[in-house]
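Scroll down for the structure; my scribbles are underneath it.
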Amino acid sequence: MKKLFFIAAVALSMSLVACSGGNKENSASDSSKSTQSVEEIKDGNTFEAKSYTISYPKDWKETFSTDDVLNVKSADEAMTFSINYDAEGPTADQLKDKADFAKRVNTDLYKEVDEPKVIAENFITLRRVTNEGEVELSFTKVLDGTKCIMGAMKSPADKEVEAEKILMSIINSVKLK
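Just so we're aligned: the sequence shown equals residues 141 to 317 in our numbering.
Below is the structure:
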């Protein structure tokens, strides 16, 4: 039940990102802010979704999956990662406005909601802190036209830096079929 609630919460939040109109203005203005070096996942687990493939750390365990949805948990169970695919998501031009909309919608639901962070022209994240103090880093990445992946990485505050690095590695492993 908790898993389904988490999936529904992430899907609702990111669906809100995908529901409003947008334009390209300022879509790449923050793209130079991301200077992280991302390590490739080597010898990890591979999930073959209907529409994409993805790799995640070898010691992480799958907790739920369907054709295009995957939820996994770290070996110590401190971090969770969820991803789903949407063939009718936003375009890269709409990402920034949609993330700004998600920020406004989430402000009352979370203890803290940061400004959306543009990682690349087609990839944006939104950092939120739950009322319990856990950090959720939601993401949307446009793969081709309106085909996109979206989801979230959740971790305790003291593992946030590690969780963000793992998130970026996982996202970089995604390949559209």
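We put the CB at the ideal spot given by N, CA and C, even for glycine.
For residue i, which of the options has the nearest alpha-carbon?
i	options	result
Asp237	Leu277, Val258, Ala215, Ala218	Val258
Leu266	Gly273, Glu272, Cys288, Leu235	Leu235
Gly229	Glu302, Phe187, Asp284	Asp284
Pro256	Lys299, Ala303, Lys281, Ser214	Lys281
Gly273	Lys251, Asn262, Glu302	Lys251
Assuming residue i is part of the beta strand (DSSP E), what are its boundary residues?
i	result
Val178	Looking at the DSSP string, Val178 is not in any beta strand (DSSP E), and its letter there is neither H nor E.
Val275	275 to 284
Leu266	263 to 269
So residue i and residue j are in contact, right, with Cβ under 8 Å, and what is the actual spacing, rounded?
i	j	result
Ile264	Ala239	5 Å
Thr231	Lys317	At roughly 20 Å, the Cβ-Cβ gap does not stay under 8 Å, so Thr231 and Lys317 are not in contact.
Ser191	Asp208	5 Å
Leu277	Leu307	6 Å
Ile184	Lys198	Looking at the sequence shown, residue 184 is not Ile but Gly. 5 Å between Cβ atoms; contact.
Val314	Ile289	6 Å
Val212	Thr206	In fact, because the Cβ distance is near 13 Å, the residues do not count as touching under 8 Å.
Lys305	Met219	So it is not a contact: roughly 11 Å between Cβ atoms.
Using DSSP's beta-bridge definition, name the partner residues of residue i.
i	result
Ile223	Leu210, Gly291
Thr193	Glu188, Lys315
Phe204	Asn211
Val258	Ile264
Val253	Arg268
Return the first residue and the last residue of the alpha helix (DSSP H) that residue i is part of.
i	result
Asp240	235 to 246
Cβ contact (3+ pairs, closer than 8 Å) linking the segment 240 to 255 and the segment 283 to 298: no
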